[in-house]
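Count along the sequence shown from 1, then add 2; that gives the number in our numbering. Since the structure comes first, as structure tokens, the remarks are kept for the end.
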Amino acid sequence: MEIKYTIQGILIYSTIVVYLLAFVVTIAGRARAGRWLFFGGFLVAATSFVYRWLDVRHVPLQNLFEVFLCLGAICYPISWICRRFLRIGGQWADMLIGAIVLFPAGFVFHARPMQLPPALQSWLFAPHVAVYMLAYIFMAKAAFQAGEQLLNRRPRIEQTWIPPEQATYELIGIGFPLLTLGLLLGSWWGKLAWGHYWGWDPKELWSLASWLVYIGYFHWRYMYGKKLPRLNSLWALTGMATIIITLLWVNLSRIFAGLHSYAT
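Below, the structure is given as structure tokens:
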């Protein structure tokens with residue numbers, strides 16, 4: 003565990019505290035106050051991300067510290083879009099997701115600036131990573147909705163305007179094209195950087211595995227979803243598990259040495 007006694011660290015810890023406070027206030031029945039706190043936390047998170055950008059002088063998506071910093075900053079915009087346009091609630095879960103994804107940035111990974119290796123000095127670097135980050139938050143939100151469906155209950159504090167199982171499907175319906183775009187951009191980038199579209203790198207394989215799990219989700223839901231809706235949610239949770247493996251275990255485990263080792 004690494005405590006960061008820096009401006010960057012203060013911004014991260016402040017965001018975590020505000021997100022958790024928003025979560026507590028919301029589940030205590032003060033949904034409006036919770037939303038304002040959530041927005042305030044987002045402003046601090048965005049400031050933290052911009053501060054990092056100015057500090058390292060490149061888009062801060064190079065390593066796991068910067069990736070989790072980005073995830074913490076995009077939780078609120080995605081939550082707002084889902085609530086405003088998709089009629090999907092569960093904002094209490096989004097506050098919790100924001101605090102969870104910022105924890106590794108605040109306490110686990112170092113924040114020392116790093117030079118971009120030659121492979122990352124490509125215009126595809128930022129869009130490739132960014133679309134994955136967006137997809138991961140949509141899939142994490144879908145996983146919480148799937149959990150609601152498995153527990154067979156609706157949120158007590160914040161009304162979900164559409165049922166959790168349908169919300170899970172719509173969220174994955176947005177996240178899956180982003181996962182697909184991430185794979186395609188990564189393949190294109192691989193061709194430019196290493197001379198081939200696919201290198202059987204462990205990170206590539208697990209990214210493909212998570213994509214295939216969501217393909218399985220769509221197939222299962224289409225074929226059997228109406229008869230066994232709870233299994234739809236199990237598919238969604240399995241997909242989130244493969245994303246966690248792709249993002250963390252593959253990068254951190256020494257078993258999976260590969261071309262993406264710079265992410266640590």
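Don't be surprised by glycine CBs; every beta carbon is placed ideally from N, CA and C.
On the CB-based measure, 16 or more other CB atoms within 10 Å of its CB, does residue i come out buried or exposed?
i, result
"Glu4", "exposed"
"Gln64", "buried"
"Val52", "exposed"
"Gln326", "Within the shown structure, residues of the chain are numbered from 3 to 266, placing residue 326 beyond reach of any answer."
"Arg158", "Legend: pLDDT at Arg158 = 48, less than 50; position of this residue unreliable, value from coordinates given subsequently. Classification of Arg158: exposed, given that the 10 Å Cβ count is below 16."
"Arg232", "exposed"
Once DSSP output is grouped into helix, strand and coil, what is the label at residue i?
i, result
"Ser189", "helix"
"Met135", "helix"
"Pro179", "helix"
"Gln117", "coil"
"Glu150", "helix"
"Gly100", "helix"
"Phe220", "helix"
Is residue i close to chain C, meaning its C-beta is less than 7 Å from at least one C-beta of that chain?
i, result
"Trp55", "No chain C appears in the structure shown, which is made up of a single protein chain."
Excluding the five sequence neighbours on either side, which residues of its own chain have a C-beta within less than 6 Å of the C-beta of residue i, listed in chain order?
i, result
"Tyr134", "Gly184"
"Leu136", "Leu180"
"Lys143", "Leu173"
In terms of residues, what are the limits of the alpha helix (DSSP H) holding residue i?
i, result
"Gly43", "33-58"
"Thr248", "Careful: Thr248 lies outside any alpha helix (DSSP H) and carries neither H nor E."
Using C-beta distances below 7 Å, list every residue in its chain close to residue i, excluding the 5 sequence neighbours before and after it, in chain order.
i, result
"Ala47", "Thr17, Gly74, Ala75"
"Leu39", "Val20, Leu23, Ala24, Val27"
Original post:
Would the stretch 47-63 and the stretch 84-91 be scored as touching if the rule is three or more Cβ pairs under 8 Å?
Top reply: no
Original post:
Does the stretch 116-129 come close enough to the stretch 169-176 that 3 or more CB-CB pairs lie under 8 Å?
Top reply: Contact between the stretch 169-176 and the stretch 116-129 is absent, with fewer than three C-beta pairs closer than 8 Å.
Original post:
How about the stretch 97-105 and the stretch 14-27: do they share at least three Cβ pairs that are nearer than 8 Å?
Top reply: The stretch 97-105 is in contact with the stretch 14-27.
**OP:** Inspect the CB distances between the stretch 188-205 and the stretch 234-244 and report whether three or more fall short of 8 Å.
**Re:** no
Original post:
Does the stretch 222-231 come close enough to the stretch 246-253 to have 3 or more Cβ pairs within less than 8 Å?
Top reply: Three or more Cβ pairs closer than 8 Å define a contact, and the stretch 222-231 falls short of that threshold against the stretch 246-253.
**OP:** Inspect the CB distances between the stretch 197-208 and the stretch 108-117 and report whether three or more fall short of 8 Å.
**Re:** no
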